[in-house]
Amino acid sequence: MNIQKDFTKSVNGVIKTKKLIFPFMISLLIPAILLVAFLSFSGAYDAWKDYSQLSSNYRAEKREAISHDVDLKDKEYLTNLMQYLQGPDTDNKDFMRYLNEKGFSFGKFTGLFNRSNLLTGIALIVISIVFSLYIGSVANLAVAAKLKNQEINFSIITQQAFGFMPRLLLLIIFSGFLVLLPIFAGVALVIISFVISNLLGALLLIVFILATFAYVILISVKLTFSVPIMFLSGASAIDSVSGSLKLTKKSFKNAFFVAGISFVIGVVGSFVSNPLQNSFANLIMLNGIIGTFLYFILSAVLLVAYSFILAISSLFIFHSFVDYRATFHGKNV
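For what it's worth, this note's numbering labels the leading residue of the sequence shown as 6, then goes sequentially.
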């Protein structure tokens, strides 16, 4: 098995077949659009915009106060400096005083917790979950088609995705049970041990934390190939999970490296996703044409970059699965 080759093939595959990133882009865009719709409908957008503007103005005023006549011996200057460094935080009494002077009240936020907004929020969460299952199925079917050297026809794939949605949901549920049930059992055991003895409880707590860390890594590696099994062979959720558990027994080391590289790709992706979230937040909050345009361009670039990384990560898992199975199980796609 050549993991480096699998990664290289994944990068080149996404570069050559750029349409692979489309489902991942949509998976990021739609929840963002739903969030903006909820913020606008609920009134949270206006409240947060007012708060953000006042926070920005407060910081600008403090920056102005410390940018001239620097005197570290002046008590007032040091006070302004500390307030600037603390920033517009609710623990900053000067900032809270500033908000009160400007007529801002946090009642604008507490007033948002009403029945209408609650029902709307629940509805949008349900829509987001259903959409995530659907677009996730589309993305994985597109990757599977790429791996089988088939044409990526989204008109066909988008229809096939409906049949995979229930299976993908069950796969997530089964995987969640495998991860969480032993942890919940361990938590119950630790609580009981504390009832019996504080010393025994403390010892078991340390063992529990270490065991949980090891178990999460173990089960994550064991489930690495469950998604490729489902979308390449059309297996059920149970068969996908059991198939991955059995397959990774052949060479846990190689499966561990595959999962590790996938994790590293995710870490690299976080360096793009975090700026993307900040850029998008600034995009929907700003009023100025120039600032809005610049953040729109930045958000678009980061969106494409992050979608590219997500596509590589998904294709890498699929390539690695096929390589792993051919090496240790004697089967190809």
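Glycine residues also receive a C-beta, built at the ideal position from the N, C-alpha and C atoms. Keep in mind that this is a model prediction, so the values were computed, not measured.
Just the C-alpha distance for A240 and A331, rounded to the nearest angstrom, thanks.
So the two alpha carbons sit approximately 18 Å from each other.
Could you tell me if D328 is buried or exposed, where buried requires 16 or more neighbouring beta carbons within 10 angstroms of its beta carbon?
D328 is buried by the Cβ-count criterion.
Looking only at its own chain, which residues have a Cβ that is under 8 Å from the Cβ of N337, when we skip the five neighbours before and after it?
Low confidence applies here, because N337 scores a pLDDT of 48, under 50, leaving its location unreliable; read the following figure in that light. Excluding residues within five positions, the ones whose Cβ falls inside 8 Å are V327, R330 and A331.
May I have the straight-line CA-CA distance separating I8 from S180, to the nearest angstrom?
Looking at the two C-alpha atoms, the distance is approximately 25 Å.
Within the chosen definition, does the stretch 299-312 reach the stretch 33-46 through at least 3 CB pairs nearer than 8 Å?
Yes: the two stretches touch, three or more of their Cβ pairs being nearer than 8 Å.
Is F333 helix, strand or coil by DSSP?
It is helical.
What are the complete alpha helix (DSSP H) segments, minimum 4 residues, inside the stretch 186-265?
Counting only runs of 4 or more, we get 203-227, 231-238 and 242-252.
Report, in whole angstroms, the separation of the C-beta atoms of A242 and L176, which I expect to be a contact under 8 Å.
At roughly 4 Å, the Cβ-Cβ gap stays under 8 Å, so A242 and L176 are in contact.
For S133 versus F169, is the C-beta distance shorter than 7 Å?
No; because the gap between Cβ atoms is not below 7 Å, this pair is not in contact.
Smallest Cα separation from P171: which of F136, A193, L204 and S57?
Out of F136, A193, L204 and S57, F136 has the C-alpha closest to the C-alpha of P171.
Since I believe A149 is in contact with F323 (beta carbons under 8 Å), could you give me their beta-carbon distance rounded to a whole number of angstroms?
With 8 Å as the limit, F323 and A149 qualify as a contact, their Cβ atoms being about 7 Å apart.
With DSSP collapsed to three states, give me the class of F285.
Here F285 sits in helix by DSSP.
Which first and last residues belong to the alpha helix (DSSP H) in which T13 is found?
Per DSSP, T13 belongs to the alpha helix (DSSP H) from I8 to K21.
Hey, how far is the Cα of F333 from the Cα of S267?
If I take the Cα positions, the gap works out to 20 Å.
If you reduce the DSSP assignment to three classes, tell me which class E339 lands in.
This structure cannot settle anything about residue 339, because the visible part of the chain is limited to 6 through 338.
For E66, decide whether its Cβ has a neighbour in chain D, counting only Cβ atoms nearer than 7 Å.
Protein chains in the displayed structure number just one, and chain D is not present.
Determine the direct distance from the alpha carbon of A65 to that of A193, and round the result to whole angstroms.
Each residue's alpha carbon lies about 51 Å from the other.
On the criterion of 16 or more Cβ atoms from any shown chain inside 10 Å, does T253 qualify as buried, or is it exposed?
Burial call: buried.
Measuring only the C-alpha atoms, how far is F261 from S225?
For F261 and S225, the distance between alpha carbons rounds to 9 Å.
In angstroms, rounded to a whole number, what distance separates the CA positions of I1 and G206?
The structure shown has nothing for residue 1, since the chain only spans 6 to 338.
For S284 and L208, I'd like the C-alpha separation in whole angstroms.
For S284 and L208, the distance between alpha carbons rounds to 46 Å.
Can you give me the C-alpha to C-alpha distance between I270 and I161, rounded to a whole angstrom?
Approximately 30 Å, taken between the alpha carbons.
Is T229 buried or exposed, if buried means 16 or more other CB atoms sit within 10 Å of its CB?
T229 comes out buried.
Tell me the rounded alpha-carbon separation between Q58 and I295.
Q58 and I295: Cα-Cα distance of roughly 17 Å.
Rounded to a whole number of angstroms, what is the C-alpha to C-alpha distance between I211 and L186?
Going by the C-alpha atoms only, they are around 19 Å apart.
Give the range of the alpha helix (DSSP H) segment to which K98 is assigned.
Start and end: K98 to E106.
My guess is that S231 and S249 are in contact by the Cβ rule of under 8 Å, so how many angstroms apart are they, rounded?
4 Å between Cβ atoms; contact.
Please report the straight-line C-alpha distance between L303 and A216, rounded to a whole angstrom.
About 43 Å.
If you run the structure through DSSP and keep just helix, strand and coil, what is N145?
In this structure, N145 counts as helix in the three-state DSSP scheme.
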